[in-house]
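Worksheet: the structure to be examined is printed underneath.
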Amino acid sequence: EHSFARIFTKFEGLVSDFKSAGGSMEEMEIITALLSSMPSCYQAVTRTVSILFHADPAEVSFDFLKNQLLSEDARLSSEVKSDDTGGSTSFYGDKKSSSSRGNKFGKFKCYKCGQ
Numbered sequence: 011e012h013s014f015a016r017i018f019t020k021f022e023g024l025v026s027d028f029k030s031a032g033g034s035m036e037e038m039e040i041i042t043a044l045l046s047s048m049p050s051c052y053q054a055v056t057r058t059v060s061i062l063f064h065a066d067p068a069e070v071s072f073d074f075l076k077n078q079l080l081s082e083d084a085r086l087s088s089e090v091k092s093d094d095t096g097g098s099t100s101f102y103g104d105k106k107s108s109s110s111r112g113n114k115f116g117k118f119k120c121y122k123c124g125q
């Protein structure tokens, strides 16, 4: 499971460590790094924001990206919950299928392989 909160916390920690070590990152670099580090389940948002970002970088702020990813995370979480039926389905049969048993005329014969 890819939780955006967990990914984002790890990402913020890495950026903070980088800055603590004397590095500097502008907001554009942080946005690019976050877009490229997201797992494929966020691809719809990352591609859309990436296109928007490359068309006009001023239109995409770090907060905008974060909010878009949070929205996608909520959507993905609701999909997972709605797909989970909570139960399992199984089938059991104690008799062999009629194809291996044959019918009142005898065993079935496969016309392709002859068995």
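Each residue of the sequence shown is one higher than the one before, starting from 11 at the first, in the numbering used here. Even glycine gets a Cβ: it sits at the ideal position worked out from N, Cα and C. Predicted, not measured: the structure shown is a model, and the values here were computed from it.
Practice item. Below 8 Å on the Cβ atoms is my guess for T56 versus L45; work out the distance and round it to an integer in Å. Key: The residue you call residue 56 lines up with position 46 of the sequence shown. The residue you call residue 45 lines up with position 35 of the sequence shown. Yes, T56 and L45 are in contact; Cβ-Cβ is about 5 Å, under 8 Å.
Check your understanding: Can you tell me the Cα-Cα spacing of T42 and K91, whole angstroms?
Key -> Walking along the sequence shown from the start, residue 42 turns up at place 32. Walking along the sequence shown from the start, residue 91 turns up at place 81. Using only the alpha carbons, I get a separation of about 30 Å.
Point to revise | Reduced DSSP category for P49 - H, G, I as helix; E, B as strand; rest coil | key: Along the sequence shown, read from residue 1 onward, the residue named residue 49 stands at position 39. Under the three-state reduction of DSSP, P49 is assigned to coil, being neither helix nor strand.
Review point. Taking Cβ positions, are F21 and S47 nearer each other than 9 Å?
Key: As a working mapping, residue 21 is identified with position 11 in the sequence shown. As a working mapping, residue 47 is identified with position 37 in the sequence shown. Yes, these two residues count as a Cβ contact at 9 Å.
Point to revise | Among S60, G32, G23, nearest to L75 - alpha-carbon criterion | key: Along the sequence shown, read from residue 1 onward, the residue named residue 75 stands at position 65. Per the Cα distances, S60.
Check your understanding: Of the residues L24, M38, I17, which one's Cα is nearest the Cα of E69?
Key -> In the sequence shown, residue 69 corresponds to position 59, counting from 1. Answer by Cα proximity: M38.
Check your understanding: Terminal residues of the continuous alpha helix (DSSP H) containing E22?
Key -> As a position in the sequence shown, residue 22 is number 12, starting the count at 1. Residues 14-30.
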